[in-house]
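J.:
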Amino acid sequence: MSDNLLTIAGKTYNSRLLVGSGKYVDLAETKACTEASGAEIITVAIRRTNIGQNPGEPNLLDVVPPEKYTILPNTAGCYTAEDAIRTCRMARELLDGHKLVKLEVLGDEKTLFPDITATLKAAEVLVKDGFDVMVYTSDDPLIAKRLEEIGCAAVMPLAAPIGSGLGIRNPYNILTIVENANVPILVDAGVGTASDAAIAMELGCDGILMNTAIAAAKNPVLMASAMKHAVIAGREAFLAGRMPRKRFASASSPIDGTFF
Amino acid sequence: MKIILNGNALDLPDNSTLLKLIESQDLTGKRLAVEVNLEIIPKTEHAHYILKNDDKVEIVHAIGGGSANNSGSNFALNSGIISPSVNNHLDKS
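Top line first, the protein sequences correspond to chains A and B. The numbers in this note's numbering rise by one with no breaks, and the one at position 116 of the first sequence is 214. The numbers in this note's numbering rise by one with no breaks, and the one at position 37 of the second sequence is 933.
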């Protein structure tokens, strides 16, 4: 089904689930969960190399190879536009000219809510610099539109605070953002379990990016699989169009032909 | 001469190239990116780029990360965010 393909910055994907590669116990778990999720876009963080420590240790990109997956470097941990821009440029060098990045500029440590003014500023610079920017933002429809107008490749409102697992806290805002958009809208952050993912997709979101909901589950590999199915189910339900809600019952078996 | 590599002082022979530094840290052939004094030095220039005393060098790689986890992942305990502006920012607010 062609309308089941996700297109971001001119590239198409079968999976609408994007996953982060953080918070796993080890690289084996990262690999197993990534594979179970069916995700094709994987976020990574850019950090200092561990100088002088375990030089032979496996690298994340060995288990999530760029030849197989679309690597999405993110600016996680950046609290200024300057740091975020710098991180994206380092990622581009690291990944041989790779243009797709996830921009997030955080406002404070307690909420990890985005600093919107800094996010807008960084987005403008990065778009001008030739990056394809997928941007983490609040669930404010006006800001989402503004980020689209700046030229972001995808807009990714939070559904609840990062790592909170609180689910889709303001479905009406997410719906408004989706209805207004001409670029893909992906829920980024807040999903806690499979039903949350299905709800986001039923609202018409183009995809979901998650990390903690999988990594912090008791069985992360099984949750990765659950999320894969939830995203597919939610997308199909959105395309199918749900029945209207009715206050009273409506029998589904015919009344004619009863023998009692 | 002395340089600062990823926040730590390091003694290097004078006129060392960036490539020599990378080799000395057992990072040859790894997928990484290098900044000297906030300027990215492309891979193609590593062999020619000659370091100077007091240069600030950052060598970064990709690690596990998703939606903003400040701590990074368990297998990169000693990794740091490139610049510690978090605290500066919080101090101002």
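Quick reminder that beta carbons are idealized off the backbone N, C-alpha and C, glycines included.
Alpha carbon to alpha carbon, how far is I353 (chain A) from A347 (chain A)?
T.: 14 Å
J.: In the DSSP assignment, what are the bridge partners of P171 (chain A)?
T.: A:V142
J.: Specify, as a first and last residue, the run of the beta strand (DSSP E) that N268 (chain A) falls within.
T.: Here N268 (chain A) belongs to no beta strand (DSSP E), and DSSP marks it neither H nor E.
J.: Within this structure, are the beta carbons of L104 (chain A) and G305 (chain A) separated by less than 7 Å?
T.: yes
J.: Using CA atoms only, rank isn't needed, just tell me which of B:D907, B:A929, B:D910 and B:L923 is closest to R145 (chain A).
T.: B:A929
J.: Just to confirm before moving on: does the CB-CB distance between V162 (chain A) and S135 (chain A) stay below 7 Å?
T.: no
J.: Which residues of chain B have a Cβ atom closer than 7 Å to the Cβ of L158 (chain A), listed in chain order?
T.: A958, I959 and G960
J.: What would DSSP say about D907 (chain B), mapped onto helix, strand or coil?
T.: D907 (chain B) falls in the strand class under three-state DSSP.
J.: Please say whether A220 (chain A) and I266 (chain A) have beta carbons closer to each other than 7 Å?
T.: It is not a contact, given that the beta carbons lie outside the stated cut-off.
J.: Could you pull the start and end residues of the alpha helix (DSSP H) that P259 (chain A) belongs to?
T.: Here P259 (chain A) belongs to no alpha helix (DSSP H), and DSSP marks it neither H nor E.
J.: If we ignore side chains and look at the alpha-carbon of each, how far apart do K243 (chain A) and A279 (chain A) end up?
T.: 7 Å
J.: Just reading off the alpha helix (DSSP H) that T215 (chain A) is part of, what are its end residues?
T.: I214 to K226
J.: Output needed for A943 (chain B): all residues of its chain with C-beta closer than 7 Å, excluding positions within five of it in sequence on either side, in chain order.
T.: T913 and L915
J.: Does any C-beta atom of chain A lie closer than 7 Å to the C-beta of N902 (chain B)?
T.: Answer yes: the Cβ-Cβ gap between N902 (chain B) and chain A drops below 7 Å somewhere.
J.: With N172 (chain A) and G961 (chain B) assumed to form a contact (beta carbons below 8 Å), what rounded beta-carbon distance in angstroms separates them?
T.: 6 Å
J.: Could you name the residues of the same chain whose beta carbon sits closer than 7 Å to that of A322 (chain A), not counting the 5 residues immediately before and after it, in chain order?
T.: Answer for A322 (chain A): C131, A134, S135 and I312, listed in chain order.
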